[in-house]
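Each residue of the sequence shown is one higher than the one before, starting from 557 at the first, in the numbering used here.
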Amino acid sequence: MCADINYKAQSDYVHRLNQLFGNKGSLHLDLACGTGPHIRYFIDNGYQCSGLDINQPMLDLAELRCPEADFMLQNMCEFKVEQPVDIITCFLYSIHYSDGVEKLKSCIASVYAALKQGGVFCFNAVEKNKINNCSIIRHTADYDNSHFVFSSGWNYCGSGEKQSLKLSIEKNTQQVTELWHDEHPMVAISFSELQQLLSPCFEVYMFEHDYDKILPLDARSGNAIFLCVKK
557 MCADINYKAQ
567 SDYVHRLNQL
577 FGNKGSLHLD
587 LACGTGPHIR
597 YFIDNGYQCS
607 GLDINQPMLD
617 LAELRCPEAD
627 FMLQNMCEFK
637 VEQPVDIITC
647 FLYSIHYSDG
657 VEKLKSCIAS
667 VYAALKQGGV
677 FCFNAVEKNK
687 INNCSIIRHT
697 ADYDNSHFVF
707 SSGWNYCGSG
717 EKQSLKLSIE
727 KNTQQVTELW
737 HDEHPMVAIS
747 FSELQQLLSP
757 CFEVYMFEHD
767 YDKILPLDAR
777 SGNAIFLCVK
787 K
């Protein structure tokens, strides 16, 4: 599912935001870091990086990719760091993996405690009230003599604080087709609700979900990049 993701563009974009809005520090923490693809580019941009995830096999791969970084087996909804950092990131809509609004509040509190004064928290999010359950994103990749079709789409029932990310993978090898389906439960929240959670502790800026340009969020957009500066 990650074959077409431009990790460098995403990392460089947040680096630019940090230069514009942050405290100019270089201590970086990536939440839900997975195998560390974003951390690799932050290191290349001069940051001293760390990452956390709840999946130890992923962290093992991250350590191979980024031996210069420190990695922690922790839950982003209730984590602690040994020393405060300047920038915290959470890419790929992973903020939605918080199990409900209360867990999301706990995540925000953990982020606030882990940041230095003037530090920034950057993540992307989807507005629950603008989710189109019929909208599906597809992309393809060829690997090891097989053709893969990856599909993903948000699903929200229209009320409550639960949404899901529906995923499917189709593998075609020599006229043999295999199909896998998965569904990830996630927290559903509106942008206004998210602002209310963040604004007591952060100056909150919202931008268009475009990693090539820094543009203020259009009111019609359902995807956003949040940049939060610790007060």
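Backbone N, C-alpha and C define an ideal beta-carbon position, used for all residues, glycine too.
Keeping to the same chain, check which residues put their C-beta closer than 7 Å to that of T591; ignore five residues upstream and five downstream.
Taking the first residue of the sequence shown as 1, we reach residue 591 at position 35. These residues qualify, in order along the chain: M614, L617, A618 and R621.
If I follow the unbroken beta strand (DSSP E) through Q673, where does it start and stop?
By 1-based counting over the sequence shown, the position of residue 673 is 117. Per DSSP, Q673 belongs to the beta strand (DSSP E) from L671 to V682.
For W710, count neighbouring C-beta atoms within 10 Å of its own C-beta (all shown protein chains included) and say buried if the count is 16 or more, exposed if not.
Walking along the sequence shown from the start, residue 710 turns up at place 154. It counts as buried.
So, is N562 buried or exposed, given that buried needs 16 or more other C-beta atoms within 10 angstroms?
Here residue 562 is taken as the residue at index 6 of the sequence shown, counted from 1. It counts as exposed.
Three Cβ pairs or more, each shorter than 8 Å: is that satisfied between the stretch 646-660 and the stretch 739-752?
yes
For S702, which residues from the same chain have a beta carbon less than 8 Å from its beta carbon, with the 5 sequence-adjacent residues on both sides left out?
Indexing the sequence shown from 1 puts residue 702 at position 146. Hits under 8 Å: K727, N728 and T729.
Residue range of the alpha helix (DSSP H) that M614 falls in?
Within the sequence shown, residue 614 is the residue found at index 58, counting from 1. Element bounds for M614: Q612 to R621.
Quick one, are the C-beta atoms of H747 and I725 less than 7 Å apart?
Sequence index remark: in the sequence shown, residue 747 carries index 191 (1-based). Sequence index remark: in the sequence shown, residue 725 carries index 169 (1-based). The sequence as given places Phe at residue 747; His does not occur at that position. Contact flag unset, no.
Under a three-way DSSP split, which group does Q566 fall into?
Position 10 of the sequence shown holds residue 566. It is helical.
Within the same chain, show all residues whose beta-carbon is closer than 7 Å to that of V570, passing over the 5 residues directly before and after it, in chain order.
Taking the sequence shown and counting its residues from 1, the one referred to as residue 570 is at position 14. So the list reads T645 and C678, once near-sequence residues are dropped.
Within 10 angstroms of its Cβ, does N532 collect 16 or more other Cβ (buried), or is it exposed?
Residue 532 lies beyond the range of the chain shown here (557 to 787); nothing can be said about it.
Along the chain, where does the beta strand (DSSP E) that runs through E624 open and close?
Here residue 624 refers to the residue found at position 68 of the sequence shown. Taken as a continuous stretch (DSSP letters only), E624 belongs to no beta strand (DSSP E), as it is neither H nor E.
Among the residues of its own chain, which have a CB less than 8 Å from the CB of S584, if the five just before and after it don't count?
Residue 584 sits at position 28 when you count from the first residue of the sequence shown. The displayed chain sequence assigns His, not Ser, to residue 584. Same-chain partners within the cutoff: I595, F598, Y603, Q604, C605, S606, V641, D642, I643, I644 and T645.
Start-end ranges of the beta strand (DSSP E) lying completely within the stretch 721-778, minimum 3 residues:
732-743 and 758-764
Beta-carbon contacts of K672 that lie in its chain and below 6 Å, excluding the five residues immediately before and after
As a working mapping, residue 672 is identified with position 116 in the sequence shown. Same-chain partners within the cutoff: P640 and D642.
Where do the N-terminal and C-terminal ends of the alpha helix (DSSP H) with H594 fall, by residue?
Taking the sequence shown and counting its residues from 1, the one referred to as residue 594 is at position 38. First-last of the alpha helix (DSSP H) with H594: P593 to D600.
Cβ of I651 within 7 Å of Cβ of N631?
Residue mapping note: residue 651 aligns to position 95 of the sequence shown, counting from 1. Residue mapping note: residue 631 aligns to position 75 of the sequence shown, counting from 1. Contact flag unset, no.
Within its chain, find whatever has a CB closer than 6 Å to the CB of L723; leave out the 5 residues flanking it on each side and keep chain order.
Translated into positions along the sequence shown, residue 723 becomes position 167. Same-chain partners within the cutoff: S708 and D738.
Given that a residue counts as buried once 16 or more other Cβ atoms are within 10 Å of its Cβ, and exposed if not, what is L750?
One-based indexing of the sequence shown puts residue 750 at position 194. Buried, by the Cβ-count rule.
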